[in-house]
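Sequences listed follow chains A and B, in order.
If you read the first sequence in my numbering, its first letter stands for residue 16, the second for the next number, and so on.
If you read the second sequence in my numbering, its first letter stands for residue 6, the second for the next number, and so on.
Below: the structure, in structure tokens.
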Amino acid sequence: MRRVILHVDMNSCYASIELLHRPQLRGRPMAVGGDPESRHGIVLAKDQLAKKAGVKTGMALWEARRLCPEIVFVPPNLELYMRFSKMAHAIYGEYTEQQEAFGIDESWLDVTASSGCCGSSNDIAQDISRRIKKELGVTVSIGVSWNKIFAKFGSDYRKPDAITQITPSNYRTIIWPQPVGNLLYVGRATERKLYEHGILTIGQLAQTDPAFLGGLLGKMGVILHMFANGEDQTPVSRESFQAPIKSVGNGITAPRDLVSDQDVKIIVEMLSESVSKRMRASQLKCTVVEFFALSSDMEYSYGRQHKIKRPTNISSEIAREALDLYYAGWYGQRPIRHIGVRASGLVDALCPEQMDLCVNEVRRRKLDQMDVTMESIRSRFGYGSVRKGMMLTDTDLSGRAEVKDHEVHPHGYFEAGNRTGVEKYAV
Amino acid sequence: MDVVKKYVEVAADFSPDGVMIPLWITWDNGHRYRIDKVTDYRRAASLKAGGAGIRYTCQIGGGQHFLFYEENYKWFVEAKVQKDSAFPGIDPDDTDSEREV
Numbered sequence: 016m017r018r019v020i021l022h023v024d025m026n027s028c029y030a031s032i033e034l035l036h037r038p039q040l041r042g043r044p045m046a047v048g049g050d051p052e053s054r055h056g057i058v059l060a061k062d063q064l065a066k067k068a069g070v071k072t073g074m075a076l077w078e079a080r081r082l083c084p085e086i087v088f089v090p091p092n093l094e095l096y097m098r099f100s101k102m103a104h105a106i107y108g109e110y111t112e113q114q115e116a117f118g119i120d121e122s123w124l125d126v127t128a129s130s131g132c133c134g135s136s137n138d139i140a141q142d143i144s145r146r147i148k149k150e151l152g153v154t155v156s157i158g159v160s161w162n163k164i165f166a167k168f169g170s171d172y173r174k175p176d177a178i179t180q181i182t183p184s185n186y187r188t189i190i191w192p193q194p195v196g197n198l199l200y201v202g203r204a205t206e207r208k209l210y211e212h213g214i215l216t217i218g219q220l221a222q223t224d225p226a227f228l229g230g231l232l233g234k235m236g237v238i239l240h241m242f243a244n245g246e247d248q249t250p251v252s253r254e255s256f257q258a259p260i261k262s263v264g265n266g267i268t269a270p271r272d273l274v275s276d277q278d279v280k281i282i283v284e285m286l287s288e289s290v291s292k293r294m295r296a297s298q299l300k301c302t303v304v305e306f307f308a309l310s311s312d313m314e315y316s317y318g319r320q321h322k323i324k325r326p327t328n329i330s331s332e333i334a335r336e337a338l339d340l341y342y343a344g345w346y347g348q349r350p351i352r353h354i355g356v357r358a359s360g361l362v363d364a365l366c367p368e369q370m371d372l373c374v375n376e377v378r379r380r381k382l383d384q385m386d387v388t389m390e391s392i393r394s395r396f397g398y399g400s401v402r403k404g405m406m407l408t409d410t411d412l413s414g415r416a417e418v419k420d421h422e423v424h425p426h427g428y429f430e431a432g433n434r435t436g437v438e439k440y441a442v
Numbered sequence: 006m007d008v009v010k011k012y013v014e015v016a017a018d019f020s021p022d023g024v025m026i027p028l029w030i031t032w033d034n035g036h037r038y039r040i041d042k043v044t045d046y047r048r049a050a051s052l053k054a055g056g057a058g059i060r061y062t063c064q065i066g067g068g069q070h071f072l073f074y075e076e077n078y079k080w081f082v083e084a085k086v087q088k089d090s091a092f093p094g095i096d097p098d099d100t101d102s103e104r105e106v
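Encoded structure:
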């Protein structure tokens, strides 16, 4: 039996939710964009009118205003969008427990099992579309197909507020004429390689010998061939499923350029605290610390990583490692705009470890206890209730630079491993 | 008539099986309105006031009004800017609060 898979995409999610809450802005071009004061000045989402004027996601706010002088900018409110995302997932959950989020506004639903009791795939899609519109006040476009890749194509094919069925009888006319770059995992480099061999459309890709594609692009070539033919077997994960964490990282664009070591120390300390907290929440320790920096003119970037002796999730140890990497490479160079700290090489926090005679274990345990205590105080009384003394040396910087824990990280299609069924081609 | 979103104070009754029914609304001038009856509750968005949550259809002083419970644990009504009716909520004749997007 063929699967029934829906891909539901909330149409210009952030902008629609903002328009719902700001009736006075309806009928005017608007965009959701970061606060120019804090320099996150890009368009995150735009409504239909702004889109018509040529405003694109990722554009700088001043660029958008040049294209569309009457545009209104609204600062993003991620908590609100996550609330709406949760409400949407609650609705999806009434049709299937196999729902997999792809970012905040997109989801795959496998409704194969419920298409008997809830009607045909089209009935379910219409039901979901109607309910989201009534209950959440925003519109969705839905693609219906027998595999995840074509379902996603369907939701992109017509929008907003539309349902597109991609069936074995129509996929050749709908999907095959589209440029090959529209396919998931055909990036610029792959697209160029395919172009060089005269493969311009998805249909041409589908009809190319998989062995040739395997030679050209490796295993990914065969996978793309399967994607183009609707042979992808990747299942829709259950809603409680979480792919294993490979690294924990946090980055921040500072509210002002970082010009001194002290500035960098403050930000690195804050990021390390957040990384440490997130590792603890998942019972993990890291064996590799990475540091990343981007200069204020965005021309010079720097990234280094270092394997450390003992697994750790102690914030001050992570901060020290990150700062060592900073001193080793960046020291004395240009002002910094963006800094990132990442912990990888993760191991189970409860894993037994070799003690070291040359290390003061009592002090280490105290540092660990200090992190735990600070976190427990903060969870009860708020982030600002307790902080390290160095934060007070520049309260303007430490107060304005907010490290957010609830950022939405983009998901990869192969996050849970390759489940496309590519093995049958035996490459 | 312009409609704005207005957060209000609400007292509610919680049944043993977990159903929450609002009992009265307190306006910001201190005036208290008794909810005579809740005729319907469902999840819905208010396109007029701008918000979404659980919508209670309430009988108040002979008129029908919508009271919303948002996911942020706040209650709001679709308030008319002109305060001429007995209850300054939405127009009792205007029961169709939805407008197609």
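Heads up, the beta-carbon is just placed ideally off N, CA and C, and yes, glycines get one too.
Evaluate residue i with the Cβ neighbour count: other Cβ atoms within 10 Å of its Cβ, from every protein chain shown; 16 or more gives buried, anything less gives exposed.
{"i": "residue 36 of chain B", "result": "exposed"}
{"i": "residue 77 of chain A", "result": "exposed"}
{"i": "residue 211 of chain A", "result": "exposed"}
{"i": "residue 332 of chain A", "result": "buried"}
{"i": "residue 244 of chain A", "result": "buried"}
{"i": "residue 27 of chain A", "result": "buried"}
{"i": "residue 381 of chain A", "result": "exposed"}
{"i": "residue 288 of chain A", "result": "buried"}
{"i": "residue 97 of chain A", "result": "exposed"}
{"i": "residue 328 of chain A", "result": "buried"}
{"i": "residue 225 of chain A", "result": "buried"}
{"i": "residue 376 of chain A", "result": "exposed"}
{"i": "residue 103 of chain B", "result": "A caution first: residue 103 of chain B carries a pLDDT of 37, below 50, which makes its placement in the model too unreliable to give a value."}
Quick one: what's got a C-beta closer than 6 angstroms to residue i's C-beta in the same chain, skipping five residues either side?
{"i": "residue 116 of chain A", "result": "122"}
{"i": "residue 16 of chain A", "result": "none"}
{"i": "residue 180 of chain A", "result": "159"}
{"i": "residue 300 of chain A", "result": "326, 327, 328, 362 and 364"}
Interface residues of chain A around residue i at Cβ under 9 angstroms?
{"i": "residue 48 of chain B", "result": "102, 105, 106, 146, 149, 150 and 151"}
Tell me the residue span of the alpha helix (DSSP H) that contains residue i.
{"i": "residue 472 of chain A", "result": "Nothing can be reported for residue 472 of chain A: it is not among the residues displayed for chain A, which extend from 16 to 442."}
{"i": "residue 225 of chain A", "result": "225 to 232"}
{"i": "residue 212 of chain A", "result": "That residue, residue 212 of chain A, is in no alpha helix (DSSP H); it is neither H nor E in DSSP."}
{"i": "residue 122 of chain A", "result": "Premise fails: residue 122 of chain A lies in the beta strand (DSSP E), 121 to 125, not in any alpha helix (DSSP H)."}
{"i": "residue 104 of chain A", "result": "93 to 107"}
{"i": "residue 285 of chain A", "result": "276 to 296"}
{"i": "residue 378 of chain A", "result": "376 to 396"}
{"i": "residue 320 of chain A", "result": "Element bounds for residue 320 of chain A: not the alpha helix (DSSP H) but the beta strand (DSSP E), 316 to 327."}
{"i": "residue 147 of chain A", "result": "136 to 151"}
{"i": "residue 63 of chain A", "result": "63 to 67"}
{"i": "residue 341 of chain A", "result": "330 to 344"}
{"i": "residue 81 of chain B", "result": "Looking at the DSSP string, residue 81 of chain B is not in any alpha helix (DSSP H); the run it does join, the beta strand (DSSP E), is 80 to 85."}
How far does the beta strand (DSSP E) with residue i in it extend, from its first residue to its last?
{"i": "residue 181 of chain A", "result": "From DSSP, residue 181 of chain A is part of no beta strand (DSSP E); its letter is neither H nor E."}
{"i": "residue 273 of chain A", "result": "262 to 273"}
{"i": "residue 24 of chain A", "result": "20 to 25"}
{"i": "residue 5 of chain B", "result": "Since the first residue of chain B shown is 6 and the last is 106, residue 5 of chain B is not available in this structure."}
{"i": "residue 62 of chain B", "result": "56 to 65"}
In chain B, what lies closer than 8 angstroms to residue i by C-beta?
{"i": "residue 91 of chain A", "result": "By Cβ distance, chain B contributes nothing, its closest Cβ being about 16 angstroms from residue 91 of chain A, past 8 angstroms."}
For residue i, which residues of its own chain have a beta-carbon under 7 angstroms away from its beta-carbon, when the five flanking residues on both sides are left out?
{"i": "residue 146 of chain A", "result": "106"}
{"i": "residue 76 of chain B", "result": "58"}
{"i": "residue 191 of chain A", "result": "216, 217, 218 and 221"}
{"i": "residue 26 of chain B", "result": "17, 18 and 43"}
{"i": "residue 73 of chain A", "result": "57 and 58"}
{"i": "residue 88 of chain A", "result": "46, 48 and 76"}
{"i": "residue 32 of chain A", "result": "95, 96, 99 and 153"}
Give the interface partners of residue i over in chain B, defined as CB-CB distance under 7 angstroms, in chain order.
{"i": "residue 173 of chain A", "result": "Result: empty, since nearest Cβ-Cβ is about 16 angstroms, beyond 7 angstroms."}
Can you name, in chain order, every residue of its own chain whose Cβ lies under 8 angstroms from the Cβ of residue i, other than the five neighbours on each side?
{"i": "residue 438 of chain A", "result": "none"}
{"i": "residue 344 of chain A", "result": "317 and 319"}
{"i": "residue 56 of chain B", "result": "10, 50, 73, 75 and 81"}
{"i": "residue 162 of chain A", "result": "18, 20, 245, 246, 247, 248 and 249"}
{"i": "residue 315 of chain A", "result": "309, 348 and 349"}
{"i": "residue 393 of chain A", "result": "400 and 401"}
Strictly below 7 angstroms CB to CB, what residues from chain A border residue i?
{"i": "residue 55 of chain B", "result": "35, 36, 37 and 38"}
{"i": "residue 72 of chain B", "result": "Per Cβ cutoff of 7 angstroms: no residues; residue 72 of chain B is ~16 angstroms from chain A at best."}
{"i": "residue 28 of chain B", "result": "Going along chain A, no residue has its Cβ under 7 angstroms from residue 28 of chain B, so there is no contact; the nearest lies around 24 angstroms."}
Going along chain A, which residues have a C-beta under 8 angstroms from residue i?
{"i": "residue 76 of chain B", "result": "98, 101 and 102"}
Using a Cβ cut-off of 7 angstroms, which residues of the segment 33 to 49 of chain A contact any Cβ in chain B, in chain order?
Within the segment 33 to 49 of chain A, 35, 36, 37 and 38 place their CB atoms closer than 7 angstroms to a CB of chain B, listed in sequence order.
Quick one, which residues of the segment 67 to 84 of chain A are near chain B if we go by CB-CB under 9 angstroms, in chain order?
Listed by position along the chain: nothing, the set is empty.
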